[in-house]
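Novice: Residue numbers for the sequence shown follow numbering that gives the first Met the number 0, beginning at 0 and rising by one.
Got a structure here, written out as structure tokens. Questions coming.
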Amino acid sequence: MERAAIDVDGLSKRFGSLVALDRLTFEVRPGEVFGLLGPNGAGKTTVIRILTTILHPSAGRAEVLGHDVVREAAVVRRLIGLAGQYAAVDPNLTGRENLRLIGRLTRLARSRIRPRASALLHRFDLAAAADRPVRTYSGGMRRRLDVAAALVAEPPLLFLDEPTTGLDPQSRNALWELIRELVSDGTTVLLTTQHLEEADQLAERIVVVDEGRLIADDTPAALKAHLGNTVIELDMGDRRHAVTAAATIEGRLGETAEIEGSRLRLPCRSAFGLLRGILNLLEADGLAPRNVTVRESSLDDVFLALTGHRTRTGPATAGGRE
Ligand SMILES: Nc1ncnc2c1ncn2[C@@H]1O[C@H](COP(=O)(O)OP(=O)(O)OP(=O)(O)O)[C@@H](O)[C@H]1O
Ligand SMILES: [Mg+2]
Numbered sequence: 000m001e002r003a004a005i006d007v008d009g010l011s012k013r014f015g016s017l018v019a020l021d022r023l024t025f026e027v028r029p030g031e032v033f034g035l036l037g038p039n040g041a042g043k044t045t046v047i048r049i050l051t052t053i054l055h056p057s058a059g060r061a062e063v064l065g066h067d068v069v070r071e072a073a074v075v076r077r078l079i080g081l082a083g084q085y086a087a088v089d090p091n092l093t094g095r096e097n098l099r100l101i102g103r104l105t106r107l108a109r110s111r112i113r114p115r116a117s118a119l120l121h122r123f124d125l126a127a128a129a130d131r132p133v134r135t136y137s138g139g140m141r142r143r144l145d146v147a148a149a150l151v152a153e154p155p156l157l158f159l160d161e162p163t164t165g166l167d168p169q170s171r172n173a174l175w176e177l178i179r180e181l182v183s184d185g186t187t188v189l190l191t192t193q194h195l196e197e198a199d200q201l202a203e204r205i206v207v208v209d210e211g212r213l214i215a216d217d218t219p220a221a222l223k224a225h226l227g228n229t230v231i232e233l234d235m236g237d238r239r240h241a242v243t244a245a246a247t248i249e250g251r252l253g254e255t256a257e258i259e260g261s262r263l264r265l266p267c268r269s270a271f272g273l274l275r276g277i278l279n280l281l282e283a284d285g286l287a288p289r290n291v292t293v294r295e296s297s298l299d300d301v302f303l304a305l306t307g308h309r310t311r312t313g314p315a316t317a318g319g320r321e
């Protein structure tokens, strides 16, 4: 069998009395994009810090490209690139200076540093801004430079911690495209995200982590198939109407809705037929919803399905729950 690119076995990390990681076990295959999905505080950055040798685990072990992250930390460091959650580039240097500095720090051959920096600046669409200080870059440009910086040494394995957080949809799509290109060149990528859609777009396999524990290890397609791709939400105005509407939908269409305050929530595979049926039915009963939303399943929906509770930062709790 081909050796795993990353092999994590019973990995735990405690910070004082806080258990940040609780016996995580998973494997990343060479050449795949592997997604680590979880809400704030799930332990994503802690996993990346351990795998990139910045932190020591409290228990368990992890190997990166066949090397133990504790005993062979120096070897591991030479084989990986990391674009951390917080920008690691110097804002007072230009984009080009940052990449060259990293080339020197990673002991890239002198003759290769300049061409490598130029090639990356082109590839990440930063050539025009290459000689401006990074503090003048937009958020999207900084994020692209971060990923470029992680690639200077041409690592076979790349860690990206929430690579698209804070980016507008256009910059996010551009970065997704770049990540896909890297993978087609043979790079293995482990990325973290809080967005199911991002994992779905990029990753062949994902693990879902909740408070340091692994709660799912699957393909995005399988997770979505289990959940339904789409969620219909109906705001019925008040809880009494929501309860009546849910009973009507269940009785006549055989679909079970979850009730949350005045809202009904129905995960489904295809929204259109169902939505038409629901609206016709409710209208006939004088129960027109105040508001209707159709959206893609989110991390929050995955959590609800897997754990029976929402993420602590999910939409229902963010604004104070009814
Ligand atoms: N150095 C540290 N000292 C103490 N507690 C820590 C430390 N680093 C992380 N933690 C705690 O460990 C838990 C996991 O944190 P981590 O940064 O790994 O989460 P995350 O999944 O990356 O979250 P986010 O999505 O917010 O980046 C959190 O409860 C956090 O407060
Ligand atoms: Mg993090």
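All C-beta atoms, glycine included, are put in the ideal place defined by N, C-alpha and C.
1) Rounded C-beta distance between PRO154 and ILE79? I'm assuming under 8 Å.
2) DSSP state of LEU177, grouped into three classes?
3) Can you tell me whether THR44 sits near ligand 1, meaning its C-beta is under 7 Å from at least one heavy atom of the ligand?
4) Return yes when at least one heavy atom of ligand 2 lies under 7 Å from the C-beta of GLN200, else no.
5) Could you pull the start and end residues of the beta strand (DSSP E) that ARG294 belongs to?
6) Measure the alpha-carbon distance for ASP324 versus PRO219 and round it to whole angstroms.
7) Tell me ASP234's beta-bridge partners as DSSP assigns them.
8) Run the proximity test for LEU189: is its beta-carbon closer than 7 Å to any non-hydrogen atom belonging to ligand 4?
9) Compare the Cα-Cα distances from ALA149 to each of ASN97, GLU197 and ALA173 and report the closest residue.
10) May I ask you to check if the CB of GLU161 is nearer than 7 Å to at least one heavy atom of ligand 2?
11) On the premise that VAL46 lies in contact with VAL63, defined as a C-beta separation below 8 Å, what is that separation, rounded to the nearest angstrom?
12) For LEU100, report the span of its alpha helix (DSSP H) as first-last.
13) Within its chain, find whatever has a CB closer than 6 Å to the CB of VAL291; leave out the 5 residues flanking it on each side and keep chain order.
14) Going by the C-beta, is GLN84 closer than 7 Å to any heavy atom of ligand 2?
15) Of the choices VAL151, VAL69, ARG77 and GLU210, whose alpha-carbon is the least far from that of ARG109?
16) Exposed or buried, which one is GLY211 when buried takes at least 16 other CB atoms within 10 Å?
17) Suppose you measure from the CA of ILE248 to the CA of LEU274; what does that come to, to the nearest Å?
18) Go ahead and pull the three-state DSSP assignment for ASP130.
19) Compare the C-alpha of ALA82 against each of VAL188, ALA287, GLY307 and THR255 and name the closest.
20) Given a threshold of 16 other Cβ atoms within 10 Å of its Cβ, counted over all protein chains shown, does HIS121 qualify as buried or as exposed?
21) With a threshold of 8 Å on Cβ separation, who are the neighbours of LEU286 within its own chain once the five nearest residues in sequence on each side are excluded?
22) Which residues in the same chain have their Cβ closer than 7 Å to the Cβ of PRO288, if we skip the five residues on either side of it in sequence?
23) Beta-carbon within less than 6 Å of VAL208's beta-carbon, same chain only, minus the 5 sequence neighbours each way: which residues are those?
24) In angstroms, rounded to a whole number, what distance separates the CA positions of LEU278 and VAL88?
25) With ASP299 and LEU226 assumed to form a contact (beta carbons below 8 Å), what rounded beta-carbon distance in angstroms separates them?
26) With which residues is VAL206 paired in a DSSP beta bridge?
27) In this structure, does DSSP put ARG28 in helix, strand or coil?
28) Grab me the residues of GLU26's own chain with a C-beta within less than 6 Å of its C-beta, minus the 5 sequence neighbours each way, in chain order.
29) List in chain order: all unbroken beta strand (DSSP E) runs of 3+ residues lying wholly within the segment 44-88.
30) Buried or exposed for PRO168, please, with buried defined as at least 16 other CB atoms from any protein chain shown within 10 angstroms of its CB.
Specialist: Considering the structure as presented:
1) Position 155 of the sequence shown, counted from the start, is the residue given in the question as residue 154. Position 80 of the sequence shown, counted from the start, is the residue given in the question as residue 79. With a Cβ gap of about 5 Å, PRO154 and ILE79 count as contacting.
2) Working through the sequence shown from its first residue, we reach residue 177 at position 178. In the structure shown, LEU177 sits in a helix (DSSP, three-state: H, G or I).
3) Walking along the sequence shown from the start, residue 44 turns up at place 45. Yes, ligand 1 has a heavy atom inside 7 Å of this Cβ.
4) Residue numbering aside, residue 200 sits at position 201 when the sequence shown is read from its first letter. Because no heavy atom of ligand 2 lies under 7 Å away, the Cβ of GLN200 does not count as near it: no.
5) The residue labelled residue 294 in the question sits at position 295 within the sequence shown. Run containing ARG294: 290-295, per the beta strand (DSSP E) assignment.
6) Missing from the structure shown is residue 324; the chain here goes from 0 to 321 and no further.
7) The residue labelled residue 234 in the question sits at position 235 within the sequence shown. DSSP output for ASP234 lists ARG262 and ASN290 as bridge partner(s).
8) As far as ligands go, the structure on display features ligand 1 and ligand 2 and does not contain ligand 4.
9) By one-based count along the sequence shown, residue 149 stands at place 150. The option with the nearest alpha carbon to ALA149 is ASN97.
10) For the purposes of this step, residue 161 is identified with residue 162 of the sequence shown, where counting begins at 1. Yes - ligand 2 has a heavy atom lying nearer than 7 Å to the Cβ of GLU161.
11) The count along the sequence shown starts at 1 and reaches residue 63 at position 64. The count along the sequence shown starts at 1 and reaches residue 46 at position 47. That pair is no contact at about 12 Å.
12) Here residue 100 refers to the residue found at position 101 when the sequence shown is read from its first residue. Its alpha helix (DSSP H) spans residues 94-104.
13) As a position in the sequence shown, residue 291 is number 292, starting the count at 1. For VAL291, where only same-chain residues beyond five positions count, the Cβ hits under 6 Å are LEU233.
14) Within the sequence shown, numbered from 1, the residue matching residue 84 stands at position 85. For ligand 2, at least one heavy atom lies less than 7 Å from the Cβ of GLN84.
15) Taking the sequence shown and counting its residues from 1, one reaches residue 109 at position 110. If we check each option's Cα against that of ARG109, VAL151 comes out closest.
16) Reading the sequence shown from its first residue, position 212 is the one you call residue 211. That one is buried.
17) The residue labelled residue 248 in the question sits at position 249 within the sequence shown. The residue labelled residue 274 in the question sits at position 275 within the sequence shown. Going from the Cα of ILE248 to the Cα of LEU274 covers about 11 Å.
18) On the sequence shown, position 131 is the one that residue 130 refers to. Reduced to three states, the DSSP call for ASP130 is coil.
19) Here residue 82 corresponds to residue number 83 of the sequence shown, with the count starting at 1. The option with the nearest alpha carbon to ALA82 is VAL188.
20) Translated into the one-based positions of the sequence shown, residue 121 becomes position 122. It is exposed - the Cβ of HIS121 has fewer than 16 other Cβ atoms within 10 Å.
21) In the sequence shown, counting from the first residue as 1, residue 286 sits at position 287. Same-chain partners within the cutoff: MET235, HIS240, THR243, ALA244 and THR247.
22) Indexing the sequence shown from 1 puts residue 288 at position 289. Excluding sequence neighbours, PRO288 sits near LEU233, ASP234, MET235 and LEU281.
23) By one-based count along the sequence shown, residue 208 stands at place 209. Result list for VAL208: GLY37, ALA41 and GLY42, in chain order.
24) Taking the sequence shown and counting its residues from 1, one reaches residue 278 at position 279. Taking the sequence shown and counting its residues from 1, one reaches residue 88 at position 89. LEU278 and VAL88: Cα-Cα distance of roughly 53 Å.
25) As a working note, residue 299 is residue 300 in the sequence shown. As a working note, residue 226 is residue 227 in the sequence shown. Between LEU226 and ASP299 the Cβ distance is about 11 Å, and since that is not below 8 Å, they are no contact.
26) Start at 1 with the first residue of the sequence shown, and residue 206 comes out as number 207. LEU35 and ASP216.
27) Start at 1 with the first residue of the sequence shown, and residue 28 comes out as number 29. Residue state, collapsed to three classes: coil.
28) Numbered from its first residue, the sequence shown carries residue 26 at position 27. Answer for GLU26: ALA3 and ASP6, listed in chain order.
29) 58-63 and 79-82
30) On the sequence shown, position 169 is the one that residue 168 refers to. It is exposed - the Cβ of PRO168 has fewer than 16 other Cβ atoms within 10 Å.
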